[in-house]
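Sequential numbering from 44 applies to the sequence shown in our numbering.
Remarks on the structure that follows.
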Amino acid sequence: MAGPRPVVLTGPSGAGKSTLLKMLMREYEGLFGFSVSHTTRKPRPGEVHGKDYHFVTLEDMKKGVERGDFIEHAVFSGNMYGTSTAAVQAVQANNQICILDIDMQGVKSIKKTRLNPIYISIHPPSVQILEKRLRDRNTESEESLQKRLNAAIADLEISKEPGLFDAIIVNDDLEEAYTKLKGILGEEIKQTQSNKNS
Ligand SMILES: Nc1ncnc2c1ncn2[C@@H]1O[C@H](COP(=O)(O)OP(=O)(O)OP(=O)(O)O)[C@@H](O)[C@H]1O
Ligand SMILES: Nc1nc2c(ncn2[C@@H]2O[C@H](COP(=O)(O)O)[C@@H](O)[C@H]2O)c(=O)[nH]1
44 MAGPRPVVLT GPSGAGKSTL LKMLMREYEG LFGFSVSHTT RKPRPGEVHG KDYHFVTLED
104 MKKGVERGDF IEHAVFSGNM YGTSTAAVQA VQANNQICIL DIDMQGVKSI KKTRLNPIYI
164 SIHPPSVQIL EKRLRDRNTE SEESLQKRLN AAIADLEISK EPGLFDAIIV NDDLEEAYTK
224 LKGILGEEIK QTQSNKNS
């Protein structure tokens, strides 16, 4: 796939991936494009079909997987999620930096492809703070929250694997985390800006 190098943002649910990627997309309008994943989970209030996710039935998701529509897919907290080839191509066709917000299973799958993204993991300062952020976000049932915390503990352990990520950012102070993220992506941002202007 041609175009600027994509960026994979991963990390526990509630670590702040969406918050940070929305900041990037706001500051660098038109430079980044979000890879809109498919999911079988129900939309949250305010989420828009086709913008935040393609919200689909389990049956349709499974059909898509069978057709080979997805470059990766995973079950997370009882729902299916997946990145379609079309979602990434739609961003790359605009010469934008494609941002994928995916879980650790997705990272492992993407590593087996030729996508060659920059891998960044966003970590919470602690599991206790993560739990508080997830509870305060008020989007999860108690069951979903516990599944997400269990996945977080396992994924934070896996994150210790040397070389898995290009960078790990601890999202304690949001502005500091954002500054670090921009620093890591600085070269890619500069290159894409100059290509757009030439
Ligand atoms: N540095 C921070 N300090 C305090 N609260 C934060 C910080 N970063 C994000 N938050 C808040 O924590 C909550 C979780 O953030 P966000 O939804 O961005 O996480 P996420 O990693 O995208 O989660 P998910 O994987 O479930 O989509 C949100 O309510 C957000 O406003
Ligand atoms: N492997 C994939 N993981 C994905 C994808 N889209 C989102 N996600 C991850 O799922 C969890 C939960 O997301 P939420 O929106 O229900 O809170 C989170 O870690 C996302 O990063 C995907 O296409 N593939």
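Yeah, the Cβ is synthetic: ideal placement off N, Cα and C, and Gly gets one too.
The model shown is predicted, which means the values in this text are computed figures rather than measured ones.
| Option nearest Glu102 by Cα separation, candidates Ala129, Ser152, Glu174, Tyr124 | Cα-wise, what sits closest to Glu102 is Tyr124.
| message | Considering only DSSP beta bridges, list what Ile212 is partnered with. | response | Note: Ile212 is bridge-paired with Ile165 in the DSSP secondary-structure output.
| said: Quick check: is any heavy atom of ligand 1 less than 7 Å from the C-beta of Ser202? | reply: Every heavy atom of ligand 1 is 7 Å or more from the Cβ of Ser202, so no.
| Expressed to the nearest angstrom, what Euclidean distance is found between the alpha-carbon atoms of Gly206 and Ala130? | Straight-line measurement puts the Cα of Ala130 at about 27 Å from the Cα of Gly206.
| query | For ligand 2, is there a heavy atom less than 7 Å away from the beta-carbon of Asn185? | reply | Checking the displayed sequence, the identity of residue 185 turns out to be Glu instead of Asn. Outside the cutoff, so no.
| To the nearest whole angstrom, what separates the beta carbons of Asn137 and Thr83, a pair I think is in contact under 8 Å? | Going by Cβ atoms, the distance from Asn137 to Thr83 rounds to 27 Å, so no, they are not a contact pair.
| field | Extent of the continuous beta strand (DSSP E) run through Leu52 | value | It spans 50 to 53 - the beta strand (DSSP E) in which Leu52 sits, taken as one unbroken run.
| task | Ignoring anything shorter than 4 residues or poking outside the segment 121 to 145, list the alpha helix (DSSP H) runs there in chain order. | result | The segment 121 to 145 contains these whole alpha helix (DSSP H) runs: 128 to 135.
| query | Say the cut is 7 Å; is the CB of Lys94 nearer than that to a heavy atom of ligand 1? | reply | Flag unset: Cβ of Lys94 not near ligand 1.
| request: Under 5 Å from any heavy atom of ligand 1, by CB: list those residues in chain order, please. | output: Contact residues of ligand 1 (beta-carbon closer than 5 Å to any heavy atom; chain order) are Ser56, Gly57, Ala58, Gly59, Lys60, Ser61, Thr62, Arg176, Arg180, Asn214, Leu217.
| When the Cα atoms are used, what is the spatial distance from Glu219 to Leu63? | The straight-line gap from Cα to Cα measures roughly 11 Å.
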